[in-house]
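Asks: Quick one: this structure, given as structure tokens, is what I'll be asking you about.
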Amino acid sequence: MDSMYWNKKIETATRDELRKHQLQLLKEKAKYCYDNTAFYRTKFKSAGISPSDIKTLEDIQKIPFTVKNDLRDNYPFGMLAVNLEDIVEIHASSGTTGNPVVGAYTTNDMNVWQELMARSLYTTGVRRQDVMHNAYGYGLFTGGLGFHYGAQKIGTRIIPVSGGMTQRQIKIMKDLGSTVLCCTPSYAIYLAEAMANEGVDPRKDLKLKIGHFGAEPWSERIRERIENKLGIEAFDIYGLTELCGPGVSVECNKHNGLHIWEDNFLIETIDPKTGDVLPAGEEGELVFTTLTKAGLPLLRFRTRDISVIETEECECGRTHSRMMRITGRSDDMLIIRGVNVFPSQIEYVIMGFPELAAQYQIVLERPEALDVFTIKVELTEKTSQSTQEELNVLKRRIRQKVQNITGLSPIIELVKPGGIPRSAGKAKRVMDLRSGKI
Ligand code: DLL
2 MDSMYWNKKI ETATRDELRK HQLQLLKEKA KYCYDNTAFY RTKFKSAGIS
52 PSDIKTLEDI QKIPFTVKND LRDNYPFGML AVNLEDIVEI HASSGTTGNP
102 VVGAYTTNDM NVWQELMARS LYTTGVRRQD VMHNAYGYGL FTGGLGFHYG
152 AQKIGTRIIP VSGGMTQRQI KIMKDLGSTV LCCTPSYAIY LAEAMANEGV
202 DPRKDLKLKI GHFGAEPWSE RIRERIENKL GIEAFDIYGL TELCGPGVSV
252 ECNKHNGLHI WEDNFLIETI DPKTGDVLPA GEEGELVFTT LTKAGLPLLR
302 FRTRDISVIE TEECECGRTH SRMMRITGRS DDMLIIRGVN VFPSQIEYVI
352 MGFPELAAQY QIVLERPEAL DVFTIKVELT EKTSQSTQEE LNVLKRRIRQ
402 KVQNITGLSP IIELVKPGGI PRSAGKAKRV MDLRSGKI
């Protein structure tokens, strides 16, 4: 009988063993970052500390935080701790205006990522004899290739369909006998609805049994919907480009939070306003330190993701602490159809059109499964006199510009001057009507 663990020794190590292992790696990584990056040397010096001041795990609190802007300011390679020649793969996700966030991997970083993805898939029951339908986007996004590498390590047959062409996806799933589905949760619901429209009954016509859903926030109600519609067990998986991509944490079959692979990541929760470290069990912003990364190591990286950490052992026997579902973000980043979008990117596009006034609003809805992304923008007095044909051309140009920057094609609504409500305080640029809908 096969083991329920990919690596039993690591996954079930005692908390003491784990902490000892973490301290050893933390000391090494603090020194490594100090010795190999001007960025961390400056950070340590400005805090008046040296790597030798890290003697206990709690001493990590002496190290200043690393924030997303640090990565943006040092784009693309300013924070590398190795020579560029040692970087064998690069991924990226969209960042705030302009520069994307880059993930740069050495050969060893790739091996670690692959191992963590294999462990994550295995934890949910994926085995060699499975057939994995991977509908995460292949390319710079870490989703597609992350799952791909993990499946290959286990020896699972992988179907690298990537995103889009929903009808074809359904046919492929049927013809090739897929047992595991990997995609964003919103796409899973969309797929399920498309199946219903085509008269495909997943329970009869497909062999699906497991689903891996992540890259965007989702709720228990979405889980119920997916499980009911597709007849599968749905697992939450979390990660971010800065840390490696997917594979930072995953649910086990107890569905009681996502196990963070603590032999590779040191987790803290902080109050996003004060930066104070919070005890386990209290909700706050997740802060990660990478313990094994060589190419682009990060100390105390503020994710902006809000969650709660539980440290007691799980019924599954794994000792690695669990993060509960992400409940929100402490900044303004939006996740639309799994893609990271900042309102500042939209503003940037709008400001480039003299035909438009500076008033705009982003409206996000989820009437069915997929996010509907609308940008309402005011015309100037002059352009509001334009013909319908001219306005249609303008709409197309705006949509194209937004697509160039975000990869998403929004609905553009042009409104008359004064048509967007003003508020007394800060402008309400984003109307996110998605939560609680499903
Ligand atoms: O989304 C990596 C990934 C791919 C994870 C596929 C899971 C599956 P980024 O594009 O850098 O990386 O976006 C990272 O997405 O900070 C969270 O805000 C959000 N996120 C990722 N997974 C989850 C999840 C990938 N399971 C950002 N639940 C993160 C809620 C998630 N939010």
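Sequential numbering from 2 applies to the sequence shown in the working numbering. Note that CB positions come from ideal geometry on N, CA and C, so glycine has one too. Please read these numbers as outputs of a predicted model, since none were measured by experiment.
Between I238 and the ligand DLL, is there a pair consisting of the residue's CB and a ligand heavy atom that are separated by less than 7 Å?
Replies: Within the sequence shown, residue 238 is the residue found at index 237, counting from 1. It does: the Cβ of I238 is within 7 Å (strictly closer) of some heavy atom of the ligand DLL.
Asks: Pull the bridge partners of H213 from the DSSP assignment, please.
Replies: Residue 213 sits at position 212 when you count from the first residue of the sequence shown. DSSP lists C183, F236 as partners of H213.
Asks: Which one of K21, I337, T185 has the shortest CA to CA distance from I238?
Replies: Position 237 of the sequence shown, counted from the first residue, corresponds to residue 238. Taking only the C-alpha atoms, the option nearest I238 is T185.
Asks: I'd like to know whether the C-beta atoms of F66 and R338 end up nearer to each other than 8 Å.
Replies: Against the sequence shown, residue 66 aligns to sequence position 65. Against the sequence shown, residue 338 aligns to sequence position 337. Not in contact: F66 and R338 (Cβ atoms no closer than 8 Å).
Asks: What distance in whole Å lies between the Cβ atoms of P422 and E379, which are believed to be in contact at a cut-off of 8 Å?
Replies: On the sequence shown, residue 379 is found 378 positions in, with the first residue counted as 1. On the sequence shown, residue 422 is found 421 positions in, with the first residue counted as 1. Not a contact, Cβ separation roughly 11 Å.
Asks: Compute the Euclidean distance between the alpha carbons of Q362 and M432, then round it to the nearest angstrom.
Replies: Locating residue 362 in the sequence shown gives position 361, where the first residue counts as 1. Locating residue 432 in the sequence shown gives position 431, where the first residue counts as 1. So the two alpha carbons sit approximately 7 Å from each other.
Asks: Using a Cβ distance threshold of 8 Å, determine whether the segment 283-290 contacts the segment 159-168, with at least three qualifying pairs required.
Replies: Segments in contact, no.
Asks: Rounded to a whole number of angstroms, what is the C-alpha to C-alpha distance between W219 and I190?
Replies: The residue you call residue 219 lines up with position 218 of the sequence shown. The residue you call residue 190 lines up with position 189 of the sequence shown. Each residue's Cα considered, the two are about 11 Å apart.
Asks: Which whole-angstrom value is the C-beta distance of I310 and I268, which I expect to be below 8 Å?
Replies: If you number the sequence shown from 1, residue 310 lands on position 309. If you number the sequence shown from 1, residue 268 lands on position 267. The Cβ separation is near 6 Å, so the contact holds.
Asks: Would you report the Cα separation of V251 and E59, rounded to the nearest angstrom?
Replies: Here residue 251 refers to the residue found at position 250 of the sequence shown. Here residue 59 refers to the residue found at position 58 of the sequence shown. Near 25 Å, if we compare the C-alpha coordinates of E59 and V251.
Asks: Considering only the alpha carbon of each residue, which of T275, R224, I211 lies closest to V132?
Replies: The sequence position of residue 132 within the sequence shown is 131, counting from 1. For V132, the nearest C-alpha among the options comes from I211.
Asks: Quick one: which unbroken alpha helix (DSSP H) runs of 4-plus residues sit fully inside the segment 7-32? Chain order, please.
Replies: Whole alpha helix (DSSP H) segments, 4+ residues: 9-12.
Asks: What number of angstroms, rounded off, separates the C-alpha of E356 from the C-alpha of P411?
Replies: Start at 1 with the first residue of the sequence shown, and residue 356 comes out as number 355. Start at 1 with the first residue of the sequence shown, and residue 411 comes out as number 410. So the alpha carbons of these two residues sit roughly 18 Å apart.
Asks: Return the chain-ordered list of same chain residues with a C-beta closer than 6 Å to the C-beta of E18, the five sequence neighbours on each side being excluded.
Replies: As a position in the sequence shown, residue 18 is number 17, starting the count at 1. Here the set comprises nothing.
Asks: So, with DSSP's three-state summary, where would you put I421?
Replies: By 1-based counting over the sequence shown, the position of residue 421 is 420. Coil at I421, not helix or strand.
Asks: Distance, Cα to Cα, E90 vs N405?
Replies: Start at 1 with the first residue of the sequence shown, and residue 90 comes out as number 89. Start at 1 with the first residue of the sequence shown, and residue 405 comes out as number 404. If I take the Cα positions, the gap works out to 24 Å.
Asks: What do you reckon, is the C-beta of P273 under 7 Å from a heavy atom of the ligand DLL?
Replies: Counted from its first residue, the sequence shown places residue 273 at position 272. No, the ligand DLL has no heavy atom inside 7 Å of this Cβ.
Asks: Rounding to the nearest angstrom, what Cα-Cα distance links D87 and K63 in this structure?
Replies: Residue numbering aside, residue 87 sits at position 86 when the sequence shown is read from its first letter. Residue numbering aside, residue 63 sits at position 62 when the sequence shown is read from its first letter. Their backbone Cα atoms lie some 30 Å apart in a straight line.
Asks: On the three-state DSSP scale, how would you describe N112?
Replies: Position 111 of the sequence shown, counted from the start, is the residue given in the question as residue 112. In this structure, N112 counts as helix in the three-state DSSP scheme.
Asks: Please classify K9 as buried or exposed, where buried requires at least 16 other C-beta atoms within 10 Å of its C-beta.
Replies: As a first step, residue 9 is located in the sequence shown; it is residue number 8 there, counting from the start. Exposed: under 16 other Cβ atoms inside 10 Å.
Asks: On the three-state DSSP scale, how would you describe I88?
Replies: The count along the sequence shown starts at 1 and reaches residue 88 at position 87. It is coil, neither helix nor strand.
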